[in-house]
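Engineer: Mind having a look at this structure? Questions to follow.
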Amino acid sequence: MLAAFKANVSHQEIERILNEVEKWHQTLQSQTGEEWLPLESITNFLFTELGYEDMDEFEDAISGTFPDFLSSFPHIDVKKLADGSDGEEKWACRVRIPQPGPPQRLTVTITSSAQLLETALYKAPDAILEIPSLEWTMGASMERQIDSLYNHLAHAREDLDLRTKGMVGDNPERQSAIQEAVVALGKCLDVEEPFDVVVTDPAGLSEFSCSEGVVVEQLPQE
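Residue numbers (the numbering used here): 132 to 353.
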C-alpha cells in the first residue's frame, strides 16, 4: 500500500492533511449517508483548520492539485462531476476502509542514518515496533502513523526524554532505565552499529516503503 503513495507521506504536513480528510469523510458520511462527498467542502474546512491562506499555498504544501493528491492514495477514490455554473471543475471523493490482511511480522536491518531517513513506515493502529537488541518496544498507538523510520524513533525518544523530566522524585530505578533507553535510541538514530527493526502487525496493514531487504513472516491467526 505504501509503495503506491505518490505523495511524500513521510512529511508530517501531508499526514496531517490526510488525517483531516479521513475524519471529515467519516463524519459527513455518517451524517448524510452519502459515499461520494464534494471536495469543495473539505477544501474550505482545511483552509480554516490547518491555517492555509488560499488555494495556491495549499497546493504548494501538497505538491499538486487536491484531486491529484487524494487520488495518489489507494484507499481514496476521486471522480470529476459536471462543471459548476462558474465554469470551475467540481470533484467528489470517497474514502474506503483498508481491509485487514493476514497477521505478519516485518523485519528490516538498518545500516545507516540515510536508510532511516529514506525508509517510510506505515504503522497500523494495532502494530507494535521493536528493536530487539535494546529490548525496547513502541506499543500500539491505536491510530495509523505514517512517517520516516527516523522520525518514528526520534519522536519515541523525545517522548521518553520528556517522561524522565517529569519523574522528579519518582522511582529512581525506573527513571534510570528510561534514561538508558533515551541514550540507546539516540545511538540508533546515529546508527553506530547495524540493528534490526521488527514490526509485529496483527491486521496485516503495516508496510515499509522499500520492500528490498524486508523479511516478511506470516503469523498464525489469533
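Think of the CB as a built atom: it goes at the ideal place given N, C-alpha and C, for glycine as much as any other residue. Since we're looking at a predicted model, the values are computed, not measured.
Could you tell me the distance, in whole angstroms, from the CA atom of Phe178 to the CA atom of Arg147?
Structural biologist: Start at 1 with the first residue of the sequence shown, and residue 178 comes out as number 47. Start at 1 with the first residue of the sequence shown, and residue 147 comes out as number 16. In a straight line, the C-alpha of Phe178 is about 13 Å away from that of Arg147.
Engineer: Applying the 10 Å Cβ sphere with the 16-neighbour rule, what's the burial state of Glu338?
Structural biologist: Stepping through the sequence shown from its first residue, residue 338 is reached at position 207. It counts as buried.
Engineer: For the alpha helix (DSSP H) that Glu304 lies in, which residues bound it at each end?
Structural biologist: Counting from one through the sequence shown, the residue named residue 304 turns up at place 173. Start and end: 303-321.
Engineer: Got a sec, what are the start and stop residues for the alpha helix (DSSP H) Ile173 sits in?
Structural biologist: For the purposes of this step, residue 173 is taken as residue 42 along the sequence shown, with counting starting at 1. For Ile173, the enclosing alpha helix (DSSP H) begins and ends at 170-181.
Engineer: Have a look at the DSSP bridge pairing and note the partners of Arg236.
Structural biologist: Translated into positions along the sequence shown, residue 236 becomes position 105. Bridge partners of Arg236: Thr331, Glu348.
Engineer: If distances are taken between C-alpha atoms only, which option among Gln352, Glu353, Thr331 comes closest to Leu237?
Structural biologist: Numbered from 1 along the sequence shown, position 106 holds the residue referred to as residue 237. Comparing Cα-Cα distances from Leu237 to each of Gln352, Glu353, Thr331, the minimum goes to Thr331.
Engineer: In its own chain, which residues sit with a C-beta less than 6 Å from the C-beta of Ala192, not counting the 5 before and 5 after it?
Structural biologist: As a working note, residue 192 is residue 61 in the sequence shown. Contacts found: Glu144.
Engineer: Can you tell me which of the three DSSP states Ala251 falls into?
Structural biologist: Here residue 251 refers to the residue found at position 120 when the sequence shown is read from its first residue. Looking at Ala251 - three-state DSSP - the assignment turns out to be strand.
Engineer: In terms of residues, what are the limits of the beta strand (DSSP E) holding Arg288?
Structural biologist: Position 157 of the sequence shown, counted from the start, is the residue given in the question as residue 288. Counting along the chain, Arg288 falls outside any beta strand (DSSP E), though it belongs to the alpha helix (DSSP H) covering 280-296.
Engineer: Looking only at C-alpha atoms, which of Arg225, Leu170, Glu190 sits nearest to Gly164?
Structural biologist: Translated into the one-based positions of the sequence shown, residue 164 becomes position 33. If we check each option's Cα against that of Gly164, Arg225 comes out closest.
Engineer: Can you give me the C-alpha to C-alpha distance between Val314 and Gly232, rounded to a whole angstrom?
Structural biologist: As a position in the sequence shown, residue 314 is number 183, starting the count at 1. As a position in the sequence shown, residue 232 is number 101, starting the count at 1. Taking the straight line joining both Cα atoms gives about 36 Å.
Engineer: Among Thr196, Leu149, Leu170, which residue has its Cα nearest to the Cα of Leu181?
Structural biologist: Counted from its first residue, the sequence shown places residue 181 at position 50. The residue with the shortest Cα to Cα distance from Leu181 is Leu149.
Engineer: If you measure from the beta carbon of Val314 to each beta carbon in chain C, is any gap under 9 Å?
Structural biologist: The structure shown contains no chain C; it holds only a single protein chain.
Engineer: So is the beta-carbon of Pro198 under 8 Å away from any non-hydrogen atom of the ligand ATP?
Structural biologist: As presented, the structure is devoid of all ligands, the ligand ATP included, so that no description of it is given.
Engineer: Could you pull the DSSP bridge partners for Thr158 from this structure?
Structural biologist: Looking up residue 158 in the sequence shown gives position 27. None; Thr158 has no bridge partner.
Engineer: Contact between the region 263-281 and the region 295-309 is defined here as three or more beta-carbon pairs at a separation below 8 Å; is this criterion met?
Structural biologist: no
Engineer: My guess is that Leu265 and Ala213 are in contact by the Cβ rule of under 8 Å, so how many angstroms apart are they, rounded?
Structural biologist: Stepping through the sequence shown from its first residue, residue 265 is reached at position 134. Stepping through the sequence shown from its first residue, residue 213 is reached at position 82. Ala213 and Leu265 do not touch by the CB rule: their CB atoms are close to 57 Å apart, not below 8 Å.
Engineer: For Thr163, which beta-bridge partners are listed by DSSP?
Structural biologist: Position 32 of the sequence shown holds residue 163. Partner(s): none; Thr163 has no beta bridge.
Engineer: Helix, strand or coil for Gln230 per DSSP?
Structural biologist: Counted from its first residue, the sequence shown places residue 230 at position 99. Coil.
Engineer: Taking the beta carbon of Lys254 as the centre, do at least 16 other beta carbons fall within 10 Å, making it buried, or is it exposed?
Structural biologist: For the purposes of this step, residue 254 is taken as the residue at position 123 of the sequence shown. By the neighbour-count rule (16 or more Cβ atoms within 10 Å), Lys254 is buried.
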